[in-house]
Each structure stands twice: as structure tokens, then as C-alpha cells.
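Undergrad: Input: one structure, supplied below.
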Amino acid sequence: MDNALKDRFSSVTRSARQAVQKGFDAAQDYVTNSYGAARQYATRRYDRAKDYAIKRYGTARDYASKGYGVTKDYTGKGLDLGGEYARVGADFARRRTEDLNELMHTRPWVTIAATFLLGYMAARVVRTLFASSEDEARSRRRGRRT
């Protein structure tokens, strides 16, 4: 019974973490790709503008303005979509948290069992840490005697 509870709790927590991470990674990738595409587009426009500047200053200024506008539009769109991905990931995590809260309210014994399980695990970790530090202290003391 404890393993099933532990597995379900771990599964819900893992799913929420994965959803948030996927949303964040997707948003970050999209913003990075959008920035790269916008930068390439702006670079191409800048090169064209430079060539035209030699021939016609007015025409070059118009192209540079258009390139800036397109870059600004693509960057804005990339940030908007990145924010949307982040919102979707956060919404998914919120729903999983609500599911977990509902489980805890409908089945309080699950909450009590999970609390005892976490306490037991924390006690084991602390015991292991103190045991290893005591072993190190003993070995240092033995080294000084010899």
C-alpha cells in the first residue's frame, strides 16, 4: 500500500516537474530560434542597406527602417509565444498541484502516511550524515595517535 502511494505521489510530482521543464525548454528554444532568425534577417537587411547607401542614401535608410520593424515584430512574437508556453506549463503544474491537494483532502490518511514516510526518509538521511561525520572524526583521531 505504501509503495502504491509513494509511486502515485512520485508520478504526480514528476509529471508536474516535467511539464514545467518542457514548457520552459520549449519557450526558451522558441525565443532563441526567433532571436536567431530575426538577427539573420536584420543582418541581411543591413548588408543590403549598406550596398544601397553607397548608391542611394535615402533608399538605404528606408530598408534599414523596414529591417528594424521586422526584427522588432519577430522578437515580439517570439516573446509572446514563449510566454504562452510558460503559461501552459505553469497551468499544467497548477492542475497537478490541485489534483494532489484534492487527494489530500479526500483521503487524509494518505497525507498522514506521506508525512510519516517523509519523516522516516529525513531521519535516515540525517542518521547517515551524522554516522559518516562520526566515522571521519574517529579516523582523524586515530591518525593523530599514531
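Numbering (this note's numbering) for the sequence shown: 37 to 182. Glycine included, C-beta positions come from ideal geometry on N, C-alpha and C.
1. Measuring CA to CA, which of 117, 58, 56, 111 is closest to residue 75?
2. Pick out whichever of 78, 58, 168 has its Cα sitting closest to the Cα of residue 105.
3. Looking only at its chain, what residues have a beta carbon closer than 8 Å to the beta carbon of residue 147, apart from the 5 residues adjacent to it on each side?
4. Here's a check: name, in chain order, each residue in its chain whose Cβ is nearer than 8 Å to the Cβ of residue 99, leaving out the five neighbours to either side.
5. Taking its Cβ as the centre, do 16 or more other Cβ atoms sit within 10 Å of residue 156, making it buried, or is it exposed?
6. Pick out whichever of 52, 57, 113, 41 has its Cα sitting closest to the Cα of residue 67.
7. Would residue 125 and residue 70 be called neighbours here (beta carbons separated by less than 9 Å)?
TA: So, from the listed chains and residues:
1. 111
2. 78
3. Leaving aside the five residues that flank residue 147 on each side, the residues in its chain whose CB is nearer than 8 Å to its CB run, in chain order, 140.
4. 81, 84, 85, 88
5. By the neighbour-count rule (16 or more Cβ atoms within 10 Å), residue 156 is not buried but exposed.
6. 113
7. no
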